[in-house]
Amino acid sequence: MSGGGRHRRRIRIALPVAAAGVAAAVAGALLTTSAGAATPLPQPAVKPATSSPPLAELEKRVAGAMAGDDVAGKTSKTSLGANTAPSRIDPKVIGGNETTISTAPWMAQLHYYDDRGTSSTGDDIGFFCGGAVVAPTKILTAAHCVKGYNWNANGAVVTGTSQLPSADGTDLHGGTVTGVWRQWNHPSSNATTIDNDIAVLTLPVPVKATPIRMTTSGDTTSYKAGTSAKVYGWGRTSSTSDDISETLKTATLPMQSDTTCSGAYGRDFVKGHMVCAGKPATGSDTGTVSACNGDSGGPLVVNNRIVGVVSWGVTDCVAKGAYSVFAKVSSYVGAAYPRLDDTNISGDHKADLWVRNASTKTGYSKDSKGTSFAARESWGDWNGVNVVLQTDLDRDGYQDLVYRRSSDGDLFWTHYVTSSGTWSTKQIADNWKTRTRIITPGDVTGDYLPDLLSVDSAGVMWIYPGKGNGTFAPRVKVGSGWNQYNSVRGKGDFNGDGKTDLIARSKSGSAIYLYKGTGKAGSGAFSARVKVRTWADYNAFDAPGDVTGDGKADFLARTPGGTLYLYAGTGKGTSEIFATRKSVGTDFKQYDIFG
């Protein structure tokens, strides 16, 4: 974005360029504060690899990135591997005004520096991208900023400041720096065409930055031509120099129609995957407002929702008639949203299985290998409980468990505390003995905070909207009739629209129904049920989330004989909702609780 800026040595920053009310009764109440905690049940040790690197190392990465001369997704260093093919598209915001971090508290700076393990600086790789905090440990950015790079080993993320760090990386101007734990890019992202250009970084610790939500899959209003959108970034401020902005800038761009974008870029513009915005560039800085180098991965925002991710544009950003091009978030929320709730025991983007042996009462976890599970690992004695559910109520990126005590029906939440490296257990509900179903499906209400659902003895389902800290807002009634099902499960999005769904099986006839989430609370939380299967030959089910790691929620079903089948999700809300079943073991008859 245009404006004054200090030139940083050799800086060439990234963006690839182309042609209801609470019941009054005390019994059954959900607690809003911690009550007497149960004696904590055994918990596993969290792997040390999840910790953030030392501050000095992070500062080194920031400094190296700031001095780097590489462009994310495009480099001449062929030894990088998968993401180094020459691109016809070269990433780049010109024109705009300074803004404050209080106006855009979710903005993140992504610094990448790899010294390649040599004493020479000639082979160093350093670049910068933008991003947006979409959950306390999640950064939405562009795939070309992520794919082919090892962000865990070489990345640093700065949040909470509108200013770039000092050249040596030690002065963050009030911001916070953290490392990167995990990375995900769209599996179909293409380094040459910059298609499917969306990615998510997972941080090892939550940041204080206020998250911004992605738009929904059904959003069409935000993309209508002429709609006013805002882009944010620290990128180049002129087409004639490599100066970048020391302070966060924003520019207002009108959305353009697909016809206009295709007219400007031809086949380089992929309708449905991309969106372009801005007025036609003038051919010079004067009169041009555009994204530019350094803004890659940053958000395009309409009505406080991310509708696009800065992806690509033309060389030097101002070629006459050109527009800025963004990944169309409404098309990718189904793939990206599961990454916001992909916490699992081993931290590898694949949902793991938690089970309890019926006779010994020993709890076990089984690490997902995609289409199979590894050997079980013991969690010790889990006697005295009759419900165990995997979730992440505090959205810290580490999996929690919710469990119900058999003797009195009290409900407890146990979670890992990153600051102390220990587990904490607290009571969250009192006397839920008669609740026929308890479900932790993720975010039902559309606020990116995980919720809790229960069905009471009368068959009424209630949503307890989560606050992101293990406490909940007053419960809201969804509706009645839920005791007609002998199983109600859910974790994530089954039909690919980025909203949390439920799967229920009828007591009579064994019909399987999909309840599509709407992102709302109350009676409108789920659409009318859709029959997707008939399963009479199973007696236990589990929905741990995305077992295969492809961004789609999966399902598990056990036969009376003990064979457990994986039904991989397809993202379709019809009878084709699951792929052909695959056996993942024959010894599951021994387990009486599936997490």
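Numbered according to mature numbering (1 follows the signal peptide of the UniProt record, and there is no 0), the sequence shown spans residues -37 to -1, 1 to 558.
No residue lacks a Cβ here, since even glycine has one placed at the ideal position from N, Cα and C.
Limits of the unbroken beta strand (DSSP E) element including residue i
i, result
"T385", "385 to 392"
"G15", "Before going further, note that residue 15 is Ser rather than Gly in the sequence given. No beta strand (DSSP E) contains S15, which DSSP labels as neither H nor E."
"D363", "363 to 368"
"A262", "It should be pointed out that residue 262 corresponds to Pro in this sequence rather than to Ala. Per DSSP, P262 belongs to the beta strand (DSSP E) from 262 to 265."
"L216", "212 to 217"
"V238", "237 to 240"
Residue burial classification, residue i (beta-carbon count within 10 angstroms, cutoff 16)
i, result
"V380", "exposed"
"L356", "buried"
"S331", "buried"
"D517", "buried"
"I57", "Unreliable positioning characterises I57 in this predicted model, as indicated by a pLDDT of 46, which lies under 50. A coordinate reading is not provided."
"D258", "buried"
"A491", "exposed"
"E209", "buried"
"L352", "buried"
"K187", "exposed"
"G241", "buried"
"N346", "exposed"
Proximity winner among the options, relative to residue i (alpha-carbon distances)
i, options, result
"T155", "A192, S274, G558", "S274"
"T555", "T543, N446, A542, P523", "A quick correction: the sequence has Asp, not Thr, at residue 555. Ranking T543, N446, A542, P523 by Cα distance to D555 puts P523 first."
"V96", "G508, F504, T141", "T141"
"residue 560", "I466, A116, T213", "This structure cannot speak to residue 560, because the chain is shown only from -37 to 558."
"A499", "L477, F518, P507, R468", "R468"
"D464", "K440, A506, G442", "A506"
"D509", "V495, E539, K454, G80", "K454"
"D160", "A35, L364, L18", "A35"
"G261", "T223, A285, A214, A227", "A214"
"G137", "R400, G123, Q146", "G123"
"D414", "D182, W376, S443", "W376"
"I391", "R400, R368, T385, T537", "R368"
"R400", "Y76, F504, L263", "F504"
"G118", "P99, R145, Q126", "R145"
Enclosing alpha helix (DSSP H) for residue i [first to last residue]
i, result
"V296", "292 to 303"
"N432", "Looking at the DSSP string, N432 is not in any alpha helix (DSSP H), and its letter there is neither H nor E."
"W114", "114 to 117"
For residue i, the three-state DSSP class (helix, strand or coil)
i, result
"A337", "coil"
"R51", "The pLDDT assigned to R51 is 34, lower than 50, so where the model puts this residue is not dependable; a value taken from the coordinates is nonetheless given after this. Three-state DSSP puts R51 in coil, outside helix and strand."
"Y228", "helix"
"Q553", "helix"
"Y76", "strand"
"S486", "helix"
"K515", "coil"
"K23", "helix"
"T354", "strand"
"Q447", "helix"
"A30", "helix"
"T223", "helix"
"Y501", "coil"
"T184", "helix"
"H378", "strand"
"A95", "strand"
"A67", "coil"
"A106", "helix"
"I540", "coil"
"L325", "In the sequence on display, residue 325 carries Thr and not Leu. Strand, per DSSP."
"P146", "A small fix is needed here, since residue 146 is Gln in this sequence, not Pro. Here Q146 sits in strand by DSSP."
Straight-line Cα distance separating residue j from residue i
i, j, result
"N60", "Y327", "55 Å"
"P167", "P68", "19 Å"
"S220", "G189", "8 Å"
"D78", "G534", "40 Å"
"S129", "N115", "22 Å"
"G422", "W445", "5 Å"
"G360", "T165", "7 Å"
"S151", "K396", "46 Å"
"G157", "G111", "As written in the sequence, residue 157 is Ile, which differs from the Gly given in the question. When rounded, the distance between both Cα atoms is 13 Å."
"A299", "G442", "30 Å"
"R230", "V272", "20 Å"
"M424", "K440", "6 Å"
"Y286", "V407", "36 Å"
"Y530", "G480", "20 Å"
"T173", "L103", "14 Å"
"G226", "Y478", "41 Å"
"G(-17)", "I402", "Unreliable positioning characterises G(-17) in this predicted model, as indicated by a pLDDT of 30, which lies under 50. The coordinate reading is nonetheless provided below. Going by the C-alpha atoms only, they are around 20 Å apart."
"K23", "W147", "24 Å"
"T549", "G532", "21 Å"
"D134", "E20", "14 Å"
beta-carbon residue i near the ligand NAP non-hydrogen atom, thresh 7 Å
i, result
"Y112", "With respect to the ligand NAP, the structure shown offers nothing to examine, as it has no ligands at all."
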